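What follows is a short report on a single structure.
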Amino acid sequence: MSNLPKPYYEEPGIVIYHGDCREILPLLPDKSVDLALTDPPYGHNNNNGDLISNWEAALGEGPAGPPRPIPGDSAAEANELVRFLFEQSKRLLNQGCCCCCCCGGGPDPQFARWSLWMDEILGFKMCVIWDKGGLGMGWHYRRNWECVLVSKTKKWNGGLTTPNVIRLPRIIPNATQHPTEKPVELKAFFIRLHSDPGELVLDPFMGSGTTLVAAKQLGRRAIGIEIEEKYCRIAVERLRQEVLPFEPSQEKLELEQLSIFQQGGHPDQEGLKRAIEDWIVEDAIKESERHGS
Ligand SMILES: C[S@@+](CC[C@H](N)C(=O)[O-])C[C@H]1O[C@@H](n2cnc3c(N)ncnc32)[C@H](O)[C@@H]1O
Numbered sequence: 002m003s004n005l006p007k008p009y010y011e012e013p014g015i016v017i018y019h020g021d022c023r024e025i026l027p028l029l030p031d032k033s034v035d036l037a038l039t040d041p042p043y044g045h046n047n048n049n050g051d052l053i054s055n056w057e058a059a060l061g062e063g064p065a066g067p068p069r070p071i072p073g074d075s076a077a078e079a080n081e082l083v084r085f086l087f088e089q090s091k092r093l094l095n096q097g098c099c100c101c102c103c104c105g106g107g108p109d110p111q112f113a114r115w116s117l118w119m120d121e122i123l124g125f126k127m128c129v130i131w132d133k134g135g136l137g138m139g140w141h142y143r144r145n146w147e148c149v150l151v152s153k154t155k156k157w158n159g160g161l162t163t164p165n166v167i168r169l170p171r172i173i174p175n176a177t178q179h180p181t182e183k184p185v186e187l188k189a190f191f192i193r194l195h196s197d198p199g200e201l202v203l204d205p206f207m208g209s210g211t212t213l214v215a216a217k218q219l220g221r222r223a224i225g226i227e228i229e230e231k232y233c234r235i236a237v238e239r240l241r242q243e244v245l246p247f248e249p250s251q252e253k254l255e256l257e258q259l260s261i262f263q264q265g266g267h268p269d270q271e272g273l274k275r276a277i278e279d280w281i282v283e284d285a286i287k288e289s290e291r292h293g294s
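Listed below in structure tokens is the structure:
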């Protein structure tokens, strides 16, 4: 990895590169990654502005704030980035490992186009639905789900009851957060299913580092790449905070978010949290068995 640029941030097991993943991914060695888990730009100009401030403005709760565009988020650029991601994943992934790619759920048929590209380049395994609960953006068919495409893989730590719909509340970002921050539990779900402790997770569109936070909590190594320095900075802050899984403040925040939704709660939310806590314990046992202690 000698030609790689100097990392923006490093701590044991975690590296962040600030830069364009089109320049950095080609420098990573073949078959060096155990899971590519990412959330690329979806190609709809962050819903033509800032999702949350547009929403609040639409509900008469103040004027729309300044738009916070996401780099590479025009339809043409996002499509180019995602094809590049799949092609690089083919080279970078270890035998039997997979790519999990978030791809939205709005009016653009990205999920259909990207599924076919995934199938062509990596082989397609599943489209997992993230049910975000109460109503989101849009006027006709308000958006309350996104999907995550999973490529063919032999890595499977799930059971016979692992579903392909998961229910977790969305993050309602404030002005200091990434405008499309994903829940740590969403990333933890895929990391746990498709990698083992100590393995390497790659997120080439890292944003504010949610994949890296989840990987750290689950004892995986991780590399994140992000083109915007301000998001690298947030990721570093999040990683530097002591990462205690599901500390009370985080739980409280999520409950507050739940109350924003008008349509009931998320019956699976507590269950999923408990499952992730159990996984952390199971992983620790596996690790200690592996080291013969
Ligand atoms: C949808 S956001 C990811 C948000 C992230 N999941 C989180 O929880 O914070 C996509 C990110 O990709 C970054 N990006 C866009 N083009 C990029 C490129 N060529 N190389 C690296 N990062 C890029 C954007 O700046 C944006 O932060």
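Final position of the sequence shown in our numbering is 294; the numbers increase by one with none missing. Don't be surprised by glycine CBs; every beta carbon is placed ideally from N, CA and C. Here the structure is a predicted model, which means the values were calculated and not measured.
- Shown here, E11 sits in a strand according to DSSP, grouped into three states.
- Rounded to the nearest angstrom, the Cβ distance from V149 to C101 is 6 Å, consistent with a contact under 8 Å.
- W118: not part of any beta strand (DSSP E); member of the alpha helix (DSSP H) spanning 111-122, first to last residue.
- In terms of Cα proximity to A236, the closest of H195, G210, W115 is G210.
- A check of alpha carbon separations from L161 across P205, L194, V34, Y43 identifies L194 as the nearest.
- Set against 7 Å, the gap from the CB of R23 to the closest heavy atom of ligand 1 is smaller.
- The residue among L136, L86, V16 with its C-alpha nearest the C-alpha of W118 is L86.
- Taken through DSSP and simplified to helix, strand or coil, C101 comes out as strand.
- Pairing G208 with T181 gives a Cβ-Cβ distance under 8 Å.
- Under a 10 Å Cβ-count criterion, P30 is classified as exposed, with fewer than 16 other Cβ atoms of the shown protein chains found around its own Cβ.
- Less than 8 Å separates the beta-carbon of N95 from that of K32.
- Not one heavy atom of ligand 1 lies closer than 7 Å to the C-beta of S152.
- Under DSSP, E147 forms a beta bridge with W131.
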